[in-house]
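One structure is given below, encoded as structure tokens.
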Ligand code: AMP
């Protein structure tokens, strides 16, 4: 596995790897890798001839009040996980390499980026879409892998790639969870052991809505209230939003269909936690086009 830190070194390494042909799969990350990230790398390994990952804690997607400086950066651990997952090339730039002085261009997906997470973290998604576009321009992958865990993010990136005709296919991989259902996240390390146990209640709420759905409940209000009441059993969880939305537009649905998404965001102490679940039977979800899964 090669590790490169500059854009020219990344392009050069890729040119060498590509001379034998084959397609490039790409997994962008902010490091502090866990099994969720590894699952994307494994999907990449099996779908593409060459696997590239990036590790970059992107400052432009953090608000000044957020956790940029304390975001974990365990370099050796991360590189060991990439190597074990069969990554061929890791792009590991510093901030100056990605954002030299004088930059004036950003990429904004206007509508989708203002909803849900975007209404709370107002500059977050333009940071994401700009850095992902830059990374796509550096790596030029045929396929890129993102987690369903960050549902709104993958929906925005799908829209960006479509609107800008970026020549890359977005694949969304299932959320990897802890045994008690908590979605894995680099930010879970911020939780105390007591908070860590409380956080599992978010998945309890989503699972309860899924159970109602499978019993035939289709009222978005009822499904939403089920999630809210289950999550509220732990008063330490302060709900930012719960919604039943269309997977493409992220707009609330009056008559949810299979593939509709239940979105939840909560605060637990100073840590924000987001999660989601697709509603539908396994067979219904499998029958959906992959873009809606
Ligand atoms: P991050 O390092 O948090 O920017 O995440 C990098 C990629 O990993 C994003 O596409 C995330 O959606 C994905 N990811 C994060 N957590 C999980 C998880 N628990 N399961 C699957 N993918 C995940």
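In my numbering, the protein residues as written are 71 to 363. A virtual CB, placed ideally from N, CA and C, is assigned to each residue, including glycine. If you're wondering where the values come from, they're calculated on a predicted model, not measured in any experiment.
According to DSSP, is residue i helix, strand or coil?
i           : result
residue 112 : helix
residue 246 : coil
residue 201 : helix
residue 338 : strand
residue 128 : coil
residue 273 : helix
residue 302 : coil
residue 121 : strand
residue 177 : coil
residue 239 : strand
residue 72  : strand
residue 99  : strand
residue 216 : strand
residue 142 : coil
residue 157 : coil
residue 290 : helix
residue 333 : strand
Give the C-beta separation of residue i and residue j to the nearest angstrom, bearing in mind that I take them to be a contact with Cβ-Cβ under 8 Å.
i           : j           : result
residue 282 : residue 269 : Contact doesn't hold; Cβ gap of about 22 Å is too wide.
residue 243 : residue 347 : Incorrect: roughly 15 Å between the Cβ atoms, too far for contact.
residue 349 : residue 326 : 6 Å
residue 220 : residue 273 : Not quite, the Cβ-Cβ distance comes to about 16 Å (not below 8 Å), so this is no contact.
residue 222 : residue 187 : 5 Å
Is it true that the CB of residue j sits closer than 8 Å to the CB of residue i?
i           : j           : result
residue 301 : residue 331 : no
residue 298 : residue 312 : yes
residue 126 : residue 168 : yes
residue 177 : residue 230 : yes
residue 329 : residue 358 : yes
residue 303 : residue 271 : yes
residue 185 : residue 320 : yes
Nearest by alpha-carbon distance to residue i: which of the options is it?
i           : options               : result
residue 254 : 234, 343 and 202      : 343
residue 203 : 174, 236 and 173      : 236
residue 76  : 340, 139, 205 and 176 : 205
residue 285 : 239, 351, 164 and 116 : 351
residue 153 : 241, 73 and 126       : 73
residue 107 : 176, 117, 245 and 336 : 245
residue 141 : 355, 319, 112 and 260 : 260
residue 339 : 308, 354 and 267      : 308
residue 117 : 190, 239 and 201      : 239
residue 137 : 305, 256 and 287      : 256
residue 305 : 232, 288 and 337      : 337
residue 155 : 112, 290 and 105      : 112
residue 262 : 80, 341 and 84        : 341
Validate contact between the segment 180–192 and the segment 281–297 using beta carbons, cut 8 Å, 3 pairs: Touching, no.
The segment 85–96 / the segment 205–218 touching (three or more Cβ pairs under 8 Å): With three or more CB-CB distances shorter than 8 Å, the segment 85–96 counts as touching the segment 205–218.
Touching by the beta-carbon criterion (3+ pairs, under 8 Å), the segment 153–167 and the segment 111–130: Yes, they touch.
Cβ contact check for the segment 97–111 and the segment 124–144: 3 or more pairs under 8 Å: Yes, since at least three Cβ pairs between the segment 97–111 and the segment 124–144 fall closer than 8 Å, the two stretches touch.
Cβ contact check for the segment 223–234 and the segment 183–199: 3 or more pairs under 8 Å: Contact check between the segment 223–234 and the segment 183–199: three or more CB pairs, one atom from each, fall below 8 Å, which counts as touching.
The segment 271–282 touching the segment 144–158, judged by at least three CB pairs closer than 8 Å: Touching, no, given that fewer than three Cβ pairs across the two stretches are closer than 8 Å.
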